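These protein sequences, in sequence, are chains A and B.
Take 52 as the starting number for the first sequence in the working numbering and just add one per residue.
Take 52 as the starting number for the second sequence in the working numbering and just add one per residue.
Where is the CB? At the ideal position from N, CA and C, for every residue including glycine.
In this text, all values refer to a predicted model and were calculated from it rather than measured experimentally.
2 protein chains.
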Amino acid sequence: MIYLDNASTSFPKPEIVFDRMDSFQRTICANPGRGAHRMAIESAREVMLTRELLAKLFNIKDPSNIVFTLNCTEALNLAIKGILGNRRHIVISSMEHNSVLRPLTHMREFGVEFDTIASLENGEPDLHSLEAAIKPDTGLIVCTHASNVTGDLLPVSEIGGIARRMSIPFMVDAAQTAGTVPIDVEGNNIDILAFPGHKGLLGPQGTGGLWFREGLDLEPLRYGGTGSHSEDAYQPKFSPDRYESGTLNTPGIVGLGAGVRYILDKGIENIRRSEIELTEYLSERIRNIDGISCYGHMDANRKTGIVSFNFEEVNCSEVAHVLDRGFEIAVRSGLHCAPMAHKAIGTFPVGTVRVSLGIFNTKEHINALILALSEISKEIGKGKR
Amino acid sequence: MIYLDNASTSFPKPEIVFDRMDSFQRTICANPGRGAHRMAIESAREVMLTRELLAKLFNIKDPSNIVFTLNCTEALNLAIKGILGNRRHIVISSMEHNSVLRPLTHMREFGVEFDTIASLENGEPDLHSLEAAIKPDTGLIVCTHASNVTGDLLPVSEIGGIARRMSIPFMVDAAQTAGTVPIDVEGNNIDILAFPGHKGLLGPQGTGGLWFREGLDLEPLRYGGTGSHSEDAYQPKFSPDRYESGTLNTPGIVGLGAGVRYILDKGIENIRRSEIELTEYLSERIRNIDGISCYGHMDANRKTGIVSFNFEEVNCSEVAHVLDRGFEIAVRSGLHCAPMAHKAIGTFPVGTVRVSLGIFNTKEHINALILALSEISKEIGKGKR
């Protein structure tokens, strides 16, 4: 199988991720924060270590403000539901995933309102429209770092700059960029960062996290045992305990730590450079196939390792099915849980075929894909004649 | 290290759990429900298989009403926060964990009230007091299946019978019993069952779940992408998708499936019989050590594999520390995130030393513990003279 569905989850992971998870589970894995015996302490130390590695990767000063979640969706929900307080209005980009759109749509029932930043003709968010969308009770601006449909990068630093000037917390959804595109919460003007552990960060599924700037007070999503201040019926006030009730996915967090260390060792700039090179290679070749339309930026410097396309007159799910069954190539088709983005690029409700590259993909994989798509194109051509 | 902290998390797991997780991650692990390629479908199939195995273990008819969570705390929060609707009153036992107490204490701010079932002199909940505590707007009764402090089993079937007669949903927190004590949601009159994956069920940390009876409508804790009905800005109405937004802990769920299969193969009745036998062995010996007081039932048939105790005049954390450093025995000390239970048994706020047995503990482990405790007892005796 040639796996080109890394925007859903990265596969494979570095050997060290599998090895660390397995050996940790077999030898040490007690419950961090519960009990003071050596195994529990060592488990807690491993969790802290992953926090520190993430802090290093994202230039975060306060690792204890990184909280671990089941996935990026939980992180986004925690921030969106947790921050509002008395401010009832949110501004979001037009490329947001259902993990932002669905909690907000639900919260409309409780009086929360949201507005979307209009797009320019080239698909970029119109920053003037952002400023116009801000109201006195705007409590949060949310922007994905890159569309999970097109891979297009959004100008988060600029949006963050506007947010900062207007004293509104700014959250970036790094679902498609954490671990592959450099992120610097200071340099990018980010106040809240939500990220999955199992995509670019190369950790296992079941991991994700949220970082928020010191001073931002979020309501937890879950209340319960934290192993700290057990005598108190109220949730502890301090992070990360306040947000991490119940037993963590410790082996997963250990695997995530191994993934982040692998990235730090390789260097995020080098990883990004390879991604651009491979995306360019893919992008140039796929555009030349008869009957294919691609969406989003053509310049690989302005996008992640995603290429979304359609054959004219053939449903995307059929193309993905043929790639899977006929050529052993795994891609994803459909709306990718992001209907808003498809409305923005004009592919709603049919969707697209999405090819998404990972750190272990090679030019050979792309050559195989291009060959397969060329054959599909020929078959379509025959059908037309 | 002799590990006697299985009530925090079971250690080790059966080999098959480690093996399945590792080989699944290395070969198949795509994102279930995202994409229709073979790896994604096989991943989804594995998740469904674990649901079915759990359904078999708990005599659940509708596996799709089992939803996976990060941990048992999330499951309890989902049910407690999700069920209330217009009914604003909850009745709980006096042995509940902070994972029940803290969400309820928080919800008091929003008008939710809760009452506690009074205890009889022997520590059992007073069922007459339960009936008296029920109000017209009682929307839920919650009872832990066994105390995580004493291991005492609570009469859940009887409580469930009363709840059923009064048409109030009844939730059991099976944190300490799932996988070690037989649970039959029909026979035990249970409407909602919350369970961790990483304790008696022998799965990895980062897994847990909630089952609820068909017809009960819960609000989700998280909203977002489900891989289904992507075109819809509203959360799907059907379970499990409604409650499983974002990427699941797929490798963890595969490991949990291996753990549950191990339990089904061994037979839950056999596992319970061994637990009783070993607990009796421990219980009889520990009581004979000079200066030790034990808490809760003495009859192993009425409890799980937990024995909680204190030495007179020595702090529980010091005892646990000496067991760890001096004897390489891991136990937990303190309040175990359950202050209510300690108030009920009279050990608040100091707590207890908790020894908790697992499926891989042996009489040799207990002999080593007893020897260590006897030495500690002698040292205390010397100090007194």
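Which residues, taken in chain order from the stretch 259-282 of chain B, show a beta carbon closer than 7 Å to some beta carbon of chain A?
L272, R273, Y274, G275, G276, G278, S281 and E282
Could you give the distance in angstroms between the alpha-carbon of P63 (chain A) and the alpha-carbon of S198 (chain A)?
22 Å
Is N128 (chain B) near G275 (chain A), with beta carbons less than 8 Å apart?
yes
Decide if P400 (chain B) is buried, meaning its Cβ has at least 16 other Cβ atoms within 10 Å, or exposed.
exposed
What's the gap between the Cα of N173 (chain A) and the Cα of E125 (chain A)?
31 Å
Among B:C194, B:V207, B:L252 and B:D375, which has the Cα closest to the Cα of L104 (chain B)?
B:L252
Does A226 (chain B) pass the burial test, meaning 16 or more other C-beta atoms within 10 Å, or should it be called exposed?
buried
Between V382 (chain A) and chain B, is there a C-beta pair that is closer than 8 Å?
yes
Local Cβ density within 10 Å of E265 (chain A), reported as buried at 16 or more and exposed below that
exposed
Cutting at 6 Å between CB atoms, please list the residues of its own chain near E97 (chain B), excluding the five before and the five after it.
V305
When the Cα atoms are used, what is the spatial distance from N361 (chain B) to H393 (chain B)?
12 Å
Give the DSSP-derived three-state secondary structure of E164 (chain B) in the structure shown.
strand
List the residues of chain A that F69 (chain B) touches, going by C-beta distances under 7 Å, in chain order.
D73, Q76 and R77
Any chance you could list the beta strand (DSSP E) runs of at least 3 consecutive residues sitting entirely within the stretch 130-155 of chain B, in chain order?
140-143
Against chain B, with Cβ distances strictly below 8 Å, would G385 (chain A) count as a contact?
yes
Measuring CB atoms only, is the stretch 280-292 of chain A touching the stretch 331-350 of chain B, in the sense that at least three cross pairs come out at less than 8 Å?
no
Does the CB of Q227 (chain A) have a neighbour CB from chain B at under 8 Å?
no
What in chain A is Cβ-close to N300 (chain B), meaning under 7 Å?
L121, Q256, G257, N300 and G303
The stretch 380-387 of chain B / the stretch 402-413 of chain B touching (three or more Cβ pairs under 8 Å)
yes
Where L261 (chain B) falls: helix, strand or coil (DSSP):
strand
At least one CB of chain A closer than 8 Å to the CB of T124 (chain B): is that the case?
yes
Report yes or no: is there a C-beta of chain B within less than 8 Å of the C-beta of Y285 (chain A)?
yes
Comparing C-alpha positions only, which one of A:I357, A:E363, A:A395 and A:I319 sits nearest to I417 (chain A)?
A:I357
Contacts that D56 (chain A) makes with chain B (C-beta to C-beta distance below 9 Å):
A81, N82, R85, G86, H88, M90 and A91
Drop a sphere of 10 angstroms on the beta-carbon of E326 (chain A), count the other beta-carbons inside from all chains shown, and report buried for 16 or more, exposed for fewer.
buried
If I'm right that C80 (chain B) touches P302 (chain B) with Cβ under 8 Å, what's the distance once you round it to whole angstroms?
6 Å
Could you list which residues in chain A have their beta carbon closer than 8 Å to that of P154 (chain B), in chain order?
R273, Y274 and G275
By DSSP, does C345 (chain A) sit in helix, in strand, or in coil?
strand
In terms of residues, what are the limits of the beta strand (DSSP E) holding G385 (chain B)?
R383 to G385
Within this structure, are the beta carbons of L191 (chain B) and I111 (chain B) separated by less than 8 Å?
no
DSSP three-state label for D70 (chain A), please.
helix
With a threshold of 8 Å between beta-carbons, can A106 (chain A) be considered close to chain B, or not?
no
Tell me P176 (chain B)'s beta-bridge partners as DSSP assigns them.
B:S170
Rounded separation between T355 (chain B) and K414 (chain B) - CA only:
16 Å
If we cut at 8 Å on Cβ distances, does P247 (chain B) have a partner in chain A?
yes
Closest by CA to G162 (chain A), which one among A:C367, A:D235, A:H140 and A:T201?
A:H140
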